[in-house]
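S.K.: One structure follows; several queries about it will come next.
Here it is as structure tokens:
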């Protein structure tokens, strides 16, 4: 074993906790499993040239026009007025998204990404079960401190983002120093759930499971809880997410 | 079964998340297992007349003098300069504390208690494994909305406070409406740990386990993880905690 000290890994279960961590030397993984970061991985995997995450519907419309790009985003489970597409990974097959630019507005994930940026993150990537292995391999290869940053729901901790943090920790923990109760709890949750993540979400009556199934989106939930369907590394630079 | 809607129960895993919850109609349970709320229950159980929680060492000294009371509190695991006693429940046997007033300064628990007060909590009580059953019985009897509020460590989520929230939820959940992922996660953690809470904390390398054992306080940890050693209900009113 190397005598060098392993880099530290922390997990922030809500954007309201991000400020507790010095991220200036860290790779920050933005996690918004249902469904922003799953859709980002899927669109890039299917050939999207770039994805521009923006906070407001108005910005989405304005930038979409400027760049002649596809605009997408939802509010309360429906395509937002003035936008063309929604937040479902199924809306972005290769036949549609290849070589195109997507301007995407999401509530929780985009806000967190911009917080990480303004807090001086060394590097920002996005993670979801869709690109689990790509994220893990990148974190091991970089050998830098890591913050797994869950987007949660309006700052309230959610099960699915915590599960993904736990899945990452479970794969890469031997490469990091982990002195973080939230990370231990996330890995424990993942180990409890790993046999069937969908069934676990259902049994636990996860708030997002209930919200999305009320819109008939069981298929989206199942897809977003499936590992390695879109193994790319979305890397955020100069306002854009591209394949890293 | 009653046709009335059951009151809601939420769990806040860090003081930084307290603001997400409207607590004006709620019983707020302040949870600081290692060791503030365990010591509060123990001292009241052993006959203390009242406990005055204060934020700073200076306030502790000043109010202690005014009231001719015992002053207690630690900073970084040692009795703070100018105070008489520490944060260990073992320092407050009946022979010492009976009929006395204790002015206690703690970092995380007291700050959270004052936040709950300024956010307009309907009622504030303190909880720990020492008084688990008293807390559960009170919450069921009151039949009001509940917020289980973990003191955490400098806003970072910790395992032991989450475990206690989970223990409460596990006992009283049939009396409440729970639409809160943090509560589900807390109960899951408790169910995973319940066989041996101390061994669980050790295995998970809980940050507070490491901090306190480095001061030789294994005995305190074991005691603070034991249920119903001091079944009183500490109720906060007009700046004082007394038996409710």
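Residue numbers (the working numbering), protein chains in the order written: chain A, 122 to 365; chain B, 122 to 365.
Ideal placement from N, C-alpha and C gives every residue a C-beta, glycine not left out.
Here the structure is a predicted model, which means the values were calculated and not measured.
1) Are the Cβ atoms of residue 348 (chain B) and residue 254 (chain B) separated by less than 9 Å?
2) Under 8 Å: do the stretch 144 to 158 of chain B and the stretch 226 to 235 of chain B share three or more Cβ pairs, one atom per stretch?
3) For residue 171 (chain A), which residues from the same chain have a beta carbon less than 8 Å from its beta carbon, with the 5 sequence-adjacent residues on both sides left out?
4) Please check the pair residue 130 (chain B) and residue 299 (chain B), which I expect to be a contact at CB under 8 Å, by giving their CB distance rounded to whole angstroms.
5) Quick one: residues in its chain with C-beta nearer than 8 Å to the C-beta of residue 234 (chain B), no 5 flanking neighbours on either side, listed in chain order?
6) Can you pull the chain A neighbours of residue 135 (chain B), defined as C-beta to C-beta under 7 Å?
7) Taking the alpha helix (DSSP H) that residue 289 (chain A) falls in, what are its first and last residues?
8) Classify residue 197 (chain B) as buried or exposed, calling it buried when 16 or more other Cβ atoms lie within 10 Å of its own Cβ.
9) Apply the 10 Å Cβ neighbour rule to residue 355 (chain B) and answer buried if 16 or more other Cβ atoms are within range, or exposed otherwise.
10) What does a CB cutoff of less than 8 Å around residue 127 (chain B) pick up in its chain, not counting 5 residues either side in sequence?
11) Using a C-beta cutoff of 9 Å, does residue 376 (chain B) count as contacting chain A?
12) Measure the C-alpha to C-alpha separation of residue 132 (chain A) and residue 267 (chain A) and round it to an integer number of angstroms.
13) Can you give me the C-alpha to C-alpha distance between residue 122 (chain A) and residue 191 (chain B), rounded to a whole angstrom?
14) Can you look up residue 337 (chain B) in the DSSP assignment and give me helix, strand or coil?
15) How would you call residue 137 (chain B), buried or exposed, if buried means at least 16 neighbouring beta carbons within 10 angstroms?
16) Does the contact criterion of 3 or more C-beta pairs under 8 Å hold for the stretch 180 to 190 of chain B versus the stretch 326 to 334 of chain B?
17) Leaving out the 5 sequence neighbours to the left and right, which residues in its chain are closer than 7 Å to residue 232 (chain A) when beta-carbon positions are compared?
18) Just to make sure I have the definition right: I need the residues of chain B whose C-beta is within less than 7 Å of the C-beta of residue 159 (chain A). Which are they?
19) Between residue 147 (chain A) and the rest of its own chain, which residues show a CB-CB distance below 7 Å, the 5 nearest in sequence each way excluded?
20) So if I threshold CB-CB distances at 9 Å, which residues from the stretch 191 to 204 of chain A count as touching chain B?
21) Quick check on the DSSP output: the alpha helix (DSSP H) that includes residue 257 (chain B) runs from which residue to which?
22) Return the residues of the stretch 277 to 306 of chain B that lie within a Cβ-Cβ distance of less than 9 Å from chain A, sorted by chain order.
23) List, in chain order, every chain C residue whose beta-carbon is nearer than 8 Å to that of residue 328 (chain B).
24) Can you tell which of B:194, B:287, B:262, B:279 has the C-alpha that lies nearest to the C-alpha of residue 332 (chain B)?
25) Can you tell which of B:286, B:236, B:211 has the C-alpha that lies nearest to the C-alpha of residue 301 (chain B)?
26) Please work out which residues of its chain come closer than 6 Å, Cβ to Cβ, to residue 343 (chain B), disregarding the five sequence neighbours upstream and downstream, and give them in chain order.
27) Specify, as a first and last residue, the run of the beta strand (DSSP E) that residue 358 (chain A) falls within.
28) Would you say residue 333 (chain A) faces chain B, with C-beta separation under 9 Å as the test?
29) My guess is that residue 310 (chain B) and residue 322 (chain A) are in contact by the Cβ rule of under 8 Å, so how many angstroms apart are they, rounded?
30) Compile a chain-ordered list of the residues in the stretch 242 to 269 of chain A whose CB is closer than 9 Å to at least one CB of chain B.
31) Figure out for me which residue from B:215, B:185, B:252 has the closest Cα to the Cα of residue 345 (chain B).
32) Taking the CB atoms as reference points, tell me whether residue 167 (chain B) and residue 219 (chain B) lie closer together than 9 Å.
33) Residue 291 (chain A): which of A:271, A:273, A:315 sits nearest, CA to CA?
34) Please work out which residues of its chain come closer than 6 Å, Cβ to Cβ, to residue 141 (chain A), disregarding the five sequence neighbours upstream and downstream, and give them in chain order.
35) With a threshold of 9 Å between beta-carbons, can residue 126 (chain B) be considered close to chain A, or not?
M.R.: Let me lay it out:
1) The sequence position of residue 348 (chain B) within the second chain is 227, counting from 1. The sequence position of residue 254 (chain B) within the second chain is 133, counting from 1. Yes, these two residues count as a Cβ contact at 9 Å.
2) yes
3) Translated into positions along the first chain, residue 171 (chain A) becomes position 50. So the list reads 222, 223, 361, 362, 363, once near-sequence residues are dropped.
4) Against the second chain, residue 130 (chain B) aligns to sequence position 9. Against the second chain, residue 299 (chain B) aligns to sequence position 178. Between the beta-carbon of residue 130 (chain B) and that of residue 299 (chain B) there is about 5 Å, and that keeps the pair under the 8 Å contact cut.
5) Here the question's residue 234 (chain B) lines up with position 113 in the second chain. The beta carbon of residue 234 (chain B) sits closer than 8 Å to the beta carbons of 151, 174, 245, 247, 357 from its chain, once the five residues preceding and following it are set aside; these are given in chain order.
6) By 1-based counting over the second chain, the position of residue 135 (chain B) is 14. Those within 7 Å of residue 135 (chain B) in chain A are 138.
7) In the first chain, counting from the first residue as 1, residue 289 (chain A) sits at position 168. Unbroken alpha helix (DSSP H) run through residue 289 (chain A): 280 to 293.
8) Reading the second chain from its first residue, position 76 is the one you call residue 197 (chain B). The residue in question, residue 197 (chain B), is exposed, as its Cβ has fewer than 16 Cβ neighbours within 10 Å.
9) The count along the second chain starts at 1 and reaches residue 355 (chain B) at position 234. With 16 or more Cβ atoms within 10 Å of its Cβ, residue 355 (chain B) is classed as buried.
10) For the purposes of this step, residue 127 (chain B) is taken as the residue at position 6 of the second chain. Answer for residue 127 (chain B): 296, 297, 298, listed in chain order.
11) An answer regarding residue 376 (chain B) cannot be provided, because it is not within the stretch 122 to 365 covered by chain B.
12) As a first step, residue 132 (chain A) is located in the first chain; it is residue number 11 there, counting from the start. As a first step, residue 267 (chain A) is located in the first chain; it is residue number 146 there, counting from the start. Each residue's alpha carbon lies about 8 Å from the other.
13) Along the first chain, one-based indexing puts residue 122 (chain A) at 1. Along the second chain, one-based indexing puts residue 191 (chain B) at 70. Interpretation of residue 122 (chain A) is limited by its pLDDT of 48, a score under 50 that renders its predicted location unreliable; no figure is taken from the coordinates.
14) Counting from 1 along the second chain, the entry for residue 337 (chain B) is found at position 216. It is coil, neither helix nor strand.
15) Here residue 137 (chain B) refers to the residue found at position 16 when the second chain is read from its first residue. Residue 137 (chain B) comes out buried.
16) no
17) Mapped onto the first chain, residue 232 (chain A) falls at position 111. 136, 176.
18) Against the first chain, residue 159 (chain A) aligns to sequence position 38. Simply none; closest approach about 18 Å.
19) Against the first chain, residue 147 (chain A) aligns to sequence position 26. Hits under 7 Å: 242, 243, 265, 266, 267, 268.
20) Listed by position, the residues of the stretch 191 to 204 of chain A near chain B (Cβ gap below 9 Å) amount to none.
21) Sequence index remark: in the second chain, residue 257 (chain B) carries index 136 (1-based). Run containing residue 257 (chain B): 253 to 263, per the alpha helix (DSSP H) assignment.
22) Against chain A - using a Cβ distance shorter than 9 Å - the residues of the stretch 277 to 306 of chain B are 277, 278, 279, 280, 281, 283, 299, 300, 301, 302, 303, 305, 306.
23) The chain inventory of the structure shown lacks chain C, comprising the protein chains A and B.
24) The count along the second chain starts at 1 and reaches residue 332 (chain B) at position 211. For the residues B:194, B:287, B:262, B:279, the minimum Cα distance to residue 332 (chain B) belongs to B:279.
25) To locate residue 301 (chain B), count along the second chain from 1; it is residue 180. The shortest C-alpha separation from residue 301 (chain B) is found at B:286.
26) The residue labelled residue 343 (chain B) in the question sits at position 222 within the second chain. Excluding residues within five positions, the ones whose Cβ falls inside 6 Å are 319.
27) Mapped onto the first chain, residue 358 (chain A) falls at position 237. Boundaries of the beta strand (DSSP E) around residue 358 (chain A): 355 to 358.
28) Looking up residue 333 (chain A) in the first chain gives position 212. No, its Cβ sits nowhere closer than 9 Å to a Cβ of chain B.
29) Here residue 310 (chain B) is taken as the residue at index 189 of the second chain, counted from 1. Here residue 322 (chain A) is taken as the residue at index 201 of the first chain, counted from 1. About 17 Å separates the two Cβ atoms, so there is no contact after all.
30) none
31) Sequence index remark: in the second chain, residue 345 (chain B) carries index 224 (1-based). Among B:215, B:185, B:252, the Cα nearest to that of residue 345 (chain B) is on B:252.
32) Against the second chain, residue 167 (chain B) aligns to sequence position 46. Against the second chain, residue 219 (chain B) aligns to sequence position 98. For residue 167 (chain B) and residue 219 (chain B), yes; Cβs fall inside 9 Å.
33) For the purposes of this step, residue 291 (chain A) is taken as the residue at position 170 of the first chain. Nearest option by C-alpha distance: A:315.
34) Position 20 of the first chain, counting from 1, holds the residue named residue 141 (chain A). Excluding residues within five positions, none has a Cβ falling inside 6 Å.
35) Here residue 126 (chain B) refers to the residue found at position 5 when the second chain is read from its first residue. No - not a single Cβ of chain A is within 9 Å of the one on residue 126 (chain B).
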